[in-house]
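First comes the structure, then the notes that go with it.
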Amino acid sequence: MPRDDCGGEGAARQPCCRRRGGGGGALVEPAALAALLYAGGYGYDMRKAILERTNGEVDVDVGGLYRSLRRLEDEGAVASRWCDEDVGPRRREYELTQQGVELAEQWLDALRARRRLDDLLVELLEGGLAELKRNDV
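Under UniProt numbering, the letters of the sequence shown match residues 1 to 137, in that order.
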């Protein structure tokens with residue numbers, strides 16, 4: 001039976017692993033959770049915080065961020081409330097629930113496992129390329 005990053009052989013896949021597909025949106029959810037761990041806020045403020053805390057390396061799509069926040073709220077990982085502003089339109093403020101903290105921990109475990117696999121593949125590719133160069137010389 002194949003082993004997954006979230007629970008071993010045959011284990012039910014955790015929410016973090018079900019949404020870890022490819023593409024640029026793969027990191028939106030853990031980035032949103034990370035931003036909410038530091039402070040609740042509005043979607044655009046969360047995007048700005050993600051950019052600042054990653055020195056511009058992680059730039060989440062605002063639409064994808066709001067879709068992730070809605071899905072997280074539907075699952076109970078995030079709570080939101082409408083805030084009336086003195087100026088401008090009403091905005092929704094988001095905060096993490098205990099279930100969201102647990103999901104962040106799952107993401108952390110999954111990303112660490114992924115980093116370990118990425119490091120192994122980097123070493124394998126580096127070794128293979130070095131071997132190839134030695135044989136060509």
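No residue lacks a Cβ here, since even glycine has one placed at the ideal position from N, Cα and C.
Query	Result
Spatial neighbours of GLY22 within its chain, please: C-beta separation below 8 Å, excluding the five flanking residues on both sides.	In this predicted model, GLY22 has a pLDDT of only 41, less than 50, meaning its place in the structure is not dependable; the value taken from the coordinates is given anyway. Once the five neighbours on either side are set aside, GLY22 has no close Cβ partner at all.
Between the Cα of SER80 and the Cα atoms of LEU69, TYR94, GLY88, which residue gives the shortest distance?	TYR94
How long is the line joining the alpha carbons of GLU123 and MET46, rounded to whole angstroms?	35 Å
So what's ARG40 in DSSP terms, helix, strand or just coil?	Arg is not the amino acid found at residue 40; the sequence shown has Gly there. Correct three-state label for GLY40: coil.
Return helix, strand or coil for VAL87, following the three-state DSSP convention.	coil
Residues bridged to LEU96 by DSSP?	VAL78
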